[in-house]
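**Q**
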Amino acid sequence: ALDHDNDSVQKFVLGQLMCLDQRSACLSESFILTEVLPRFGHGIDSLYSRTDVERNFEKQVKSFFLGFIAQHPESAAVAATRLLEALFDVKAVHFTPVRLVLSALLDVELDERTLTLSGALALADRFF
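According to the numbering used here, the residues represented by the sequence shown are 4 to 131, in order.
Laid out in structure tokens, this is it:
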């Protein structure tokens, strides 16, 4: 359904995915990072409606990625690093998806760091 030609269908499916409890949904890392995440880079006007003044969908998106990080089977640090790496591979046409994922990453409290300084510089170089 995420590959459907109709933007309304894609938005509906993304909206339903954002409501899932990450503890019980068991969505794979690959699915989230390669299928779900890139979908937020397109259709900005339909996904992030200007009439949603309370930004409920944005809150759901951020909560979804926080849940992905918290429920990752390896560790939250590994999930956060992989999410950041995947974010820089998204061909976003608007800053909103980038802002939401970065905001989620800022809210995560990690006991360890898996991204080295050289790795961070390589990501930044790839992004810019």
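By construction, the Cβ of each residue, glycine as well, lies at the ideal position given by its N, Cα and C atoms.
Determine the DSSP secondary structure at D114, reduced to helix, strand or coil.
**A** Annotated three-state conformation of D114 is coil, per DSSP.
**Q** Just to check my reading of the structure: A95 and G44 have Cβ atoms closer than 8 Å, yes? What is that Cβ distance to the nearest angstrom?
**A** 4 Å
**Q** When the Cα of F97 is compared with those of R42, T37, V12, which residue comes out closest?
**A** First, the amino acid is wrong: residue 97 is His here, not Phe. Checked all of R42, T37, V12; the closest Cα to H97 is R42.
**Q** In chain order, what residues of the same chain have a beta carbon less than 7 Å from the beta carbon of C29, not counting five sequence neighbours either side?
**A** none
**Q** Skipping 5 residues on each side, what residues in its chain have a beta carbon closer than 8 Å to that of S27?
**A** none
**Q** Select from S33, E88, L23, Q13 the residue whose C-alpha is nearest the C-alpha of G122.
**A** Comparing Cα positions, the closest option is E88.
**Q** Thinking F67 and V104 are a contact (beta carbons under 8 Å), I'd like their distance in whole angstroms, please.
**A** With a Cβ gap of about 10 Å, F67 and V104 do not count as contacting.
**Q** Curious, which full-length beta strand (DSSP E) runs of at least 3 residues does the stretch 59–86 contain?
**A** Under the rule that a run must span 3 or more residues, no beta strand (DSSP E) segment is found entirely inside the stretch 59–86.
**Q** Our contact map puts F71 next to L86 with C-beta atoms below 8 Å; I'd like the distance itself, whole angstroms only.
**A** 7 Å
**Q** Measuring only the C-alpha atoms, how far is D24 from A125?
**A** 33 Å
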